[in-house]
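S.K.: Count the sequence shown with mature numbering (1 follows the signal peptide of the UniProt record, and there is no 0) and you get residues -25 to -1, 1 to 163, in order.
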Amino acid sequence: MFKKSFAAIALAVLAVFAVPAAANAAGYVPDGNIVVSGTIAPGSPVTVSFTPGSFTPGETVSFTLTGENATGATLATFKSVVNSQSLTKTAAGSGAVAVAVTLPTNASGSYTTTATGLTSGTVGTASLTVAAADSAAGTGSGTSTGGGLASTGYNAPMLAIWGAAGALLLGVALVVVLGIVRRQRATA
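1. Does the distance from the C-beta atom of S61 to that of S24 stay below 8 Å?
2. If you follow the beta strand (DSSP E) that S149 is part of, which residue opens it and which one closes it?
3. Can you find the residues in the same chain that come closer than 6 Å, C-beta to C-beta, to T35, ignoring five residues on each side of it along the sequence?
4. Drop a sphere of 10 angstroms on the beta-carbon of F30, count the other beta-carbons inside from all chains shown, and report buried for 16 or more, exposed for fewer.
5. Please list, in chain order, all residues of the same chain as F(-24) whose beta carbon is under 8 Å from its beta carbon, the five residues on each side excluded.
6. At what residues does the beta strand (DSSP E) containing V4 begin and finish?
7. Rounded to the nearest angstrom, how far is the Cβ of L78 from that of G18, given a contact under 8 Å?
8. Alpha carbons only, please: which of A161, P132, V151 and A106 is nearest the one belonging to T14?
9. Kindly identify the DSSP beta-bridge partner or partners of K64.
10. Count the other CB atoms within 10 Å of the CB of N8; is the residue buried (16 or more) or exposed (fewer)?
11. State the DSSP-derived secondary structure class of A75, mapped to helix, strand or coil.
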């Protein structure tokens, strides 16, 4: 009898720890919350805005601009001579934040503006595509381009998960205690 009880308990414990946990990926700002305004052209300022609720209120948000010939690009009033440059700003009380991007005069191709919440880890990305010199200049579409990432993982509160794990452990302890009591009664 003890072997069967021990096997059942071991199987229950193994089942708890053998189930892989879902990955907790960083949150992403939905495409509908990213607004690009202005004409996307070399030397023209463009504003990339993240609507309220995109980031945690008051958190520091890091902006990074990456693209070809980005040495002359400007993020707000910060000028840099690297191909990828960063700037940090604080989100408003509503979680909204915006950055003004001025592309270099020799801009060509695609530029990516990435905003990362340093507290929440939330990431938002906007693509800015500059039209070739022989075609018409591109304009802001009002939203970012490209699709968003699928929502993954399990969205249960941690209290519910820990409560379920605690209930399972109490159940295992109950089975063990009942087995011990039954054995003692049988030998008495």
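For glycine and all other residues, C-beta sits at the position ideal for the given N, C-alpha and C.
M.R.: On the basis of the data shown:
1. Position 86 of the sequence shown, counted from the start, is the residue given in the question as residue 61. Position 49 of the sequence shown, counted from the start, is the residue given in the question as residue 24. With respect to S24, S61 sits apart: the two C-beta atoms are not nearer than 8 Å.
2. Looking up residue 149 in the sequence shown gives position 174. The identity of residue 149 in the sequence shown is Leu, whereas the question assumes Ser. Looking at the DSSP string, L149 is not in any beta strand (DSSP E); the run it does join, the alpha helix (DSSP H), is M133 to T162.
3. Here residue 35 refers to the residue found at position 60 of the sequence shown. Cβ within range, chain order: T63, T65 and L93.
4. Translated into positions along the sequence shown, residue 30 becomes position 55. Buried, by the Cβ-count rule.
5. Your numbering for residue -24 matches position 2 in the sequence shown. Same-chain partners within the cutoff: G154 and R158.
6. In the sequence shown, residue 4 corresponds to position 29, counting from 1. Where V4 is concerned, there is no enclosing beta strand (DSSP E), given that its DSSP letter is neither H nor E.
7. The residue labelled residue 78 in the question sits at position 103 within the sequence shown. The residue labelled residue 18 in the question sits at position 43 within the sequence shown. About 7 Å separates the beta carbons of L78 and G18, which is inside the 8 Å limit, making them a contact pair.
8. Indexing the sequence shown from 1 puts residue 14 at position 39. Ranking A161, P132, V151 and A106 by Cα distance to T14 puts A106 first.
9. Numbered from its first residue, the sequence shown carries residue 64 at position 89. In the DSSP assignment, K64 forms a beta bridge with V36.
10. If you number the sequence shown from 1, residue 8 lands on position 33. By the 10 Å Cβ count, N8 comes out buried.
11. In the sequence shown, counting from the first residue as 1, residue 75 sits at position 100. In the structure shown, A75 sits in a strand (DSSP, three-state: E or B).
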